[in-house]
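K.L.:
381 is the number that UniProt numbering gives to position 381 of the sequence shown; each next residue is one higher, with no gaps.
Got a structure for you, written out below as structure tokens; questions coming shortly.
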Amino acid sequence: MNICIVGTGYVGLVSAACFAEMGNHVWCVDVNPDVVETLKQGKIHIFEPGLEDMVKRNFEDERLFFTTDLKEGLDKAKFVFITVGTPCNADGSCDLRYVEAVAREIGQFMTEPKIVVDKSTVPVGTADKVRTIIKQELDKRGLDIEFDVASNPEFLKEGDAVSDFMKPDRVVVGTEKESTYKEFETLYAPYARSRDKLIFMGTRSAEMTKYAANCMLATKISFINEMAGICEKVGANVREVRLGIGSDHRIGYYFIYPGVGYGGSCFPKDVKALINTAREVGAKPELIEAVDSVNNRQKKMLSRKILDYFEAQGGVRGKTLAMWGLAFKANTDDMRESSALSIISELTAAGMKIRAFDPVAHVKAEEILRDNDLVEIVHSQYEVLEGANALAVVTDWNQFRNPDFEKVKASMLAPIIFDGRNLYDPAYLGSNGYAYFSVGRRP
Ligand code: NAD
Ligand code: UGA
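In structure tokens, the structure reads:
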């Protein structure tokens with residue numbers, strides 16, 4: 001099949017490469033000429049394991065094409081996927097300006113029937129909006145071309161994006177048209193190999209499914225974070241509690257790891273957007289409002305612990321914290337809504353210096369944090385510890401899981417660890433002379 005993907009970020013580029021991998025021909029359109037130029041050189045502008053090789057291979061085999069010209073991609077394709085960003089407005093609502101701009105362009109250049117697909121995460125009713133915009137543009141040109149606007153939300157997660165796309169738990173497609181449904185069946189047959197993995201539904205249900213899924217996952221995380229806070233107060237160990245509840249298959253072990261609060265470009269904005277939608281239509285989103293507020297508090301949990309500890313020692317001003325991890329989670333360079341940024345902001349506001357290391361996100365971090373004189377990005381996991389009064393572990397990169405604790409202790413001014421990801425055994429660190437603070441477990 002011939003496919004056009006508009007917006008080659010985390011979702012667009014992964015979708016494009018994975019569609020091409022199955023033999024489709026895919027035209028990727030992005031407004032950013034630097035991105036397109038990088039891709040044409042067989043390199044990728046984001047960090048995503050396994051993606052660069054796939055992009056390079058399919059580009060060289062001429063199944064993947066890159067352009068800034070939407071008309072070029074549109075002319076070739078039957079499917080046009082919109083995969084641009086849908087960030088959060090100040091009031092929490094979803095900013096649809098990029099989606100609407102793409103819809104306008106599609107209407108301005110379309111010359112034959114197309115299936116337009118919203119793959120970006122968009123509020124319920126957006127497919128109708130996109131349809132209206134395209135129709136208005138066609139009317140201006142005096143054209144009456146048949147087209148459909150379907151919803152095909154994406155469920156991949158960064159760091160596992162390629163395997164999530166190639167072997168999805170499910171593929172959700174929202175359309176009211178039988179012919180569109182048939183085309184999707186063909187497109188996704190190589191991925192959703194068992195038929196029950198392809199779930200067809202109405203467009204609005206598909207749009208809602210995406211928000212419901214992200215809000216459910218965010219709820220699990222806020223729930224366990226709240227349990228962790230209670231565990232600390234009552235002297236229980238949240239690690240043991242997680243195992244205890246997870247063994248009930250109705251609850252499960254996954255996605256109930258306590259930590260520094262959920263970050264990333266999706267959960268925070270999607271929870272807020274659904275709250276906003278619900279309020280607009282007069283529904284009371286009490287549970288997800290609580291999920292959001294628990295998360296806002298959790299993002300400050302580690303910095304609170306650090307501040308409390310040093311306040312009791314005479315204050316944080318002039319003290320230095322080494323930080324392991326800046327990305328919002330492991331295996332990504334993405335720092336959008338990363339809890340590391342909240343922690344840094346709280347601590348530097350109190351006068352603490354931060355020396356931070358991240359194996360991949362350091363390039364983005366240097367850019368984002370360049371105006372904060374109290375922050376230094378260091379390029380080595382152990383050098384970052386030099387002169388530090390304590391270490392904070394913020395991202396769950398594998399290379400932080402089993403470090404050389406003797407070297408860590410020798411590099412720092414004092415052996416103190418604040419662990420936002422529960423990577424270490426409190427008994428082991430205690431017996432090796434460390435002061436160790438984690439989540440949902442007493443020191
Ligand atoms: P991103 O910011 O990484 O990429 C968006 C790309 O779109 C950018 O390269 C930008 O230059 C391009 N763009 C913007 N306007 C354009 C236009 N008019 N024409 C062509 N290109 C344009 O975004 P992302 O993280 O890939 O997210 C895209 C959407 O997918 C969002 O709605 C997001 O919520 C959703 N989503 C993201 C993930 C994820 O893991 N990142 C997973 C599932 C769903
Ligand atoms: C998430 C969803 O997992 C994807 O299914 C979805 O497609 C995507 O959002 C999206 O809509 O964009 P992603 O944001 O890449 O994917 O990352 P996750 O692995 O879900 O982690 C999100 C945040 O929750 C991270 O900060 C992570 O550290 C945190 N988390 C995750 C926990 O604190 N505890 C957990 O048990 C799991």
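We treat Cβ as the ideally placed atom computed from N, Cα and C, and that holds for glycine.
Since the structure is predicted, the reported quantities are computational estimates derived from the model, not experimental observations.
(1) So for residue 164, helix, strand or coil by DSSP?
(2) Report the residue ranges of all beta strand (DSSP E) runs contained in full by the region 340-421; include only those spanning at least 3 residues, in chain order.
(3) Pick helix, strand or coil for residue 151, following the three-state DSSP scheme.
(4) Under three-state DSSP, which class holds residue 294?
(5) I'd like the list of long-range same chain contacts for residue 376, defined as Cβ closer than 8 Å, with 5 residues on each side in sequence excluded.
(6) Of all the options 138, 176, 118, which has the alpha carbon lying nearest to the alpha carbon of residue 202?
(7) Tell me whether residue 372 is buried or exposed, calling it buried when 16 or more other Cβ atoms sit within 10 Å of its Cβ.
(8) Cα separation between residue 422 and residue 140?
(9) Check residue 78 in the structure and name its three-state DSSP category.
(10) Given a threshold of 16 other Cβ atoms within 10 Å of its Cβ, counted over all protein chains shown, does residue 265 qualify as buried or as exposed?
(11) Quick one: give me the first and last residue of the beta strand (DSSP E) that residue 274 is part of.
(12) Could you tell me the alpha carbon to alpha carbon distance between residue 145 and residue 28, rounded to whole angstroms?
(13) In terms of residue numbering, what span does the beta strand (DSSP E) encompassing residue 321 cover?
(14) Can you tell which of 415, 351, 420 has its C-alpha closest to the C-alpha of residue 430?
(15) Answer with buried or exposed for residue 268, where buried requires no fewer than 16 other C-beta atoms within 10 angstroms of its C-beta.
(16) Quick one: which unbroken alpha helix (DSSP H) runs of 4-plus residues sit fully inside the region 107-158? Chain order, please.
(17) In the DSSP output, which residue or residues are listed as bridge partners for residue 198?
(18) For residue 454 and residue 239, what's the separation of their Cα atoms in angstroms?
(19) CA-CA distance, residue 475 and residue 263?
(20) If you check the beta carbons only, do residue 12 and residue 111 fall under 7 Å apart?
(21) Using a Cβ-Cβ cut-off of 8 Å (strictly less than) and excluding sequence neighbours within five positions of residue 51, which residues of its own chain qualify?
(22) Determine, using beta-carbon pairs with one atom in the region 249-264 and one in the region 275-285, whether at least three such pairs fall under 8 Å.
(23) Consider the C-beta atom of residue 158 and the heavy atoms of the ligand UGA; say whether any pair is separated by less than 6 Å.
(24) Among all the DSSP beta bridges, which residues are the ones paired with residue 2?
P.N.:
Let me spell this out:
(1) The count along the sequence shown starts at 1 and reaches residue 164 at position 164. If DSSP states are grouped into helix, strand and coil, residue 164 belongs with the helices.
(2) Counting only runs of 3 or more, we get 353-357, 375-377, 390-393, 416-419.
(3) Along the sequence shown, one-based indexing puts residue 151 at 151. Residue state, collapsed to three classes: strand.
(4) Position 294 of the sequence shown, counted from the first residue, corresponds to residue 294. Reduced to three states, the DSSP call for residue 294 is helix.
(5) Your numbering for residue 376 matches position 376 in the sequence shown. Around residue 376: 353, 354, 355, 356.
(6) Position 202 of the sequence shown, counted from the start, is the residue given in the question as residue 202. Comparing Cα-Cα distances from residue 202 to each of 138, 176, 118, the minimum goes to 176.
(7) Within the sequence shown, the letter at position 372 stands for residue 372. Classification for residue 372: exposed.
(8) Locating residue 422 in the sequence shown gives position 422, counting from the first residue. Locating residue 140 in the sequence shown gives position 140, counting from the first residue. Distance between the alpha carbons of residue 422 and residue 140: 59 Å.
(9) Translated into positions along the sequence shown, residue 78 becomes position 78. Secondary structure of residue 78 (DSSP, three-state): coil.
(10) In the sequence shown, the residue the question calls residue 265 occupies position 265. So residue 265 counts as buried.
(11) Reading the sequence shown from its first residue, position 274 is the one you call residue 274. Run containing residue 274: none in the beta strand (DSSP E); it sits in the alpha helix (DSSP H), 267-280.
(12) Working through the sequence shown from its first residue, we reach residue 145 at position 145. Working through the sequence shown from its first residue, we reach residue 28 at position 28. Cα to Cα, the separation comes out at about 23 Å.
(13) On the sequence shown, position 321 is the one that residue 321 refers to. Per DSSP, the continuous beta strand (DSSP E) segment holding residue 321 begins and ends at 320-324.
(14) Your numbering for residue 430 matches position 430 in the sequence shown. Minimum Cα-Cα distance from residue 430 among the listed residues 415, 351, 420 corresponds to 415.
(15) Walking along the sequence shown from the start, residue 268 turns up at place 268. Within 10 angstroms of the beta-carbon of residue 268 lie 16 or more other beta-carbons, which makes it buried.
(16) DSSP runs (the alpha helix (DSSP H)) wholly in the region 107-158: 126-140.
(17) The residue labelled residue 198 in the question sits at position 198 within the sequence shown. Partner(s): 171.
(18) The structure shown does not extend to residue 454, since the chain is modelled only from 1 through 443, so no value can be given for it.
(19) The structure shown has nothing for residue 475, since the chain only spans 1 to 443.
(20) Working through the sequence shown from its first residue, we reach residue 12 at position 12. Working through the sequence shown from its first residue, we reach residue 111 at position 111. No, Cβ-Cβ distance for residue 12 and residue 111 is not below 7 Å.
(21) On the sequence shown, position 51 is the one that residue 51 refers to. Correct list, in chain order: 13, 14, 17, 44, 161, 162.
(22) Between the region 249-264 and the region 275-285, the count of C-beta pairs closer than 8 Å stays below three; the two stretches do not touch.
(23) In the sequence shown, the residue the question calls residue 158 occupies position 158. In terms of side-chain proximity, the C-beta atom of residue 158 is found nearer than 6 Å to a non-hydrogen atom of the ligand UGA.
(24) Counted from its first residue, the sequence shown places residue 2 at position 2. Per DSSP, 25.
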